[in-house]
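Asker: Before I ask anything, here is the structure I am working with.
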Amino acid sequence: MELRQLAYFLAVAEERNFTRAAERMHISQPGISARIRGLEDDLGAVLVDRSGRQAELTAVGEVVRDHARSVLAAAEALRRAVDEVNGLVRGRVVVGMVRACTVTPLFDALSGFHRAHPGVEISLVEDDSDRLVEQVRKGSVDLALIGAAGRPPEDLDGWQIVSEPIAAAVPPGHPLAAHGEVTLAELCAHPLVCLPRGTGIRTVLERTAAARGLTPAVSLEASAPDAVLDLAARGLGAAVLSASMTTGHDGLRTVALTDADIPGVLALVSAPSKSPALRELLLHCRRSFAGPLATG
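In our numbering, the protein residues as written are 855 to 1150.
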């Protein structure tokens, strides 16, 4: 009996289909069938009922499935323990980041980690913050750079990088342009341009407004902060972003919000259980984010 046989068996058990299991495990369908039959011969029992349209486990197969999961988990834990003793880092880390991310310290951390540990495969995915948080919870993403309202999710290990209020940016001809600061009620009387739902900034806007019985009239959405500002500069609405994002754009004036008391937070989040590779990547992140935050 081999560990790979158990892995193939688990794939069939979970997919309930030999073809899909073979694609998942990057092996031919006849190949995975032969490996399962070999496992059945080793154990002296039929594990998979092949008579129907789906591959269903027999009663013995269900028992073997539970033990196979435990054996493979123990083998992975053993490998991690040996790697830690030997100072080796290998495997794969999946890193998530908010869409249109240009936070260069994250890129610096990934670059430094890759140079130090070329044997680790790095996968990078973009999504909105809400979905990234769920992927970290499920374990499909190891580490994610997210935006949040107020603070990072309490059930994850969170490291807050930036916390600042939201603000508006308007062109010179806008009714709010003559004001250095306004209330949320005054802002919500005008069409707004903002990031999509699921992003930290949008959540801050909607929660803060709801607490005051207001409903923001978001007329346009864009996934990149620069696009939000460009739309506002063309008179299509007041841009709502974090305060630092609203500065430095030609043709726009920043307007502070006097009663926006929930800050927008940029944070790195990860699940409590960490592989050696993830722990090493976190060390690189802490070094990269130690200086002033630079965005492109």
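Positions of the beta carbon are idealized from the N, C-alpha and C atoms, including for glycine.
Where does residue 1127 sit, in a helix, a strand or coil, going by DSSP?
Answerer: In this structure, residue 1127 counts as coil in the three-state DSSP scheme.
Asker: Once DSSP output is grouped into helix, strand and coil, what is the label at residue 924?
Answerer: Note: residue 924 maps to helix in three-state DSSP.
Asker: In the structure shown, what three-state DSSP assignment does residue 891 receive?
Answerer: Three-state DSSP puts residue 891 in a helix.
Asker: Tell me which residue opens and which closes the beta strand (DSSP E) that residue 951 is part of.
Answerer: 945–952 is the extent of the beta strand (DSSP E) around residue 951.
Asker: Taking 8 Å as the limit between beta carbons, can you name the residues of its chain near residue 1068, skipping five residues before and five after?
Answerer: Cβ within range, chain order: 1038, 1039 and 1042.
Asker: Measure the beta-carbon distance from residue 1155 to residue 1010 and round it to whole angstroms, keeping in mind my assumption that it falls under 8 Å.
Answerer: No statement about residue 1155 is possible, as the shown extent of the chain runs from 855 to 1150 and does not include it.
Asker: Give the secondary structure of residue 910 by DSSP, where H, G and I count as helix, E and B as strand, and everything else as coil.
Answerer: Residue 910 falls in the strand class under three-state DSSP.
Asker: Between the beta-carbon of residue 1118 and the beta-carbon of residue 1054, is there less than 8 Å?
Answerer: Taking 8 Å as the Cβ cut-off, residue 1118 and residue 1054 qualify as a contacting pair.
Asker: At what residues does the beta strand (DSSP E) containing residue 979 begin and finish?
Answerer: 974–981 is the extent of the beta strand (DSSP E) around residue 979.
Asker: Going by the CB atoms, is the gap between residue 1025 and residue 1089 shorter than 8 Å?
Answerer: Contact flag set, yes.
Asker: Which two residues bound the contiguous alpha helix (DSSP H) that contains residue 1081?
Answerer: Segment 1079–1087, the alpha helix (DSSP H) holding residue 1081.
Asker: Rounded to whole angstroms, what is the Cα-Cα separation between residue 1076 and residue 1032?
Answerer: About 26 Å.
Asker: Excluding sequence positions up to five away, which residues of its chain have a Cβ less than 8 Å from the Cβ of residue 855?
Answerer: Hits under 8 Å: 893, 896 and 897.
Asker: Note down the Cα distance separating residue 928 from residue 935, rounded to an integer number of angstroms.
Answerer: Each residue's alpha carbon lies about 10 Å from the other.
Asker: Going straight from the alpha carbon of residue 823 to that of residue 1020, what length do you get?
Answerer: Residue 823 lies beyond the range of the chain shown here (855 to 1150); nothing can be said about it.
Asker: Any idea if residue 902 is buried or exposed, counting beta-carbon neighbours within 10 angstroms, 16 or more meaning buried?
Answerer: Residue 902 comes out buried.
Asker: Using a 10 Å radius around the Cβ and a threshold of 16 neighbouring Cβ atoms, would you call residue 1131 buried or exposed?
Answerer: Buried, since its Cβ has 16 or more Cβ neighbours within 10 Å.
Asker: Is residue 1097 near residue 1082, with beta carbons less than 8 Å apart?
Answerer: Going by C-beta atoms, residue 1097 is not nearer than 8 Å to residue 1082.
Asker: Which same chain residues, not among the five before or five after residue 1065, have their C-beta less than 7 Å away from its C-beta?
Answerer: Correct list: empty, nothing qualifies.
Asker: Put residue 1051 into one of helix, strand or coil per three-state DSSP.
Answerer: It is coil, neither helix nor strand.
Asker: Near residue 925, which residues of its chain fall below 8 Å by C-beta distance, leaving aside the five closest residues on each side in sequence?
Answerer: Hits under 8 Å: 857 and 860.
Asker: Quick check: what's the CA-CA separation for residue 1071 versus residue 953?
Answerer: Cα to Cα, residue 1071 sits roughly 23 Å from residue 953.
Asker: Could you please give me the residues that DSSP links to residue 1003 through a beta bridge?
Answerer: Partner(s): 1118.
Asker: For the beta strand (DSSP E) holding residue 1108, just list the boundary residues, first then last.
Answerer: Per DSSP, residue 1108 belongs to the beta strand (DSSP E) from 1107–1111.
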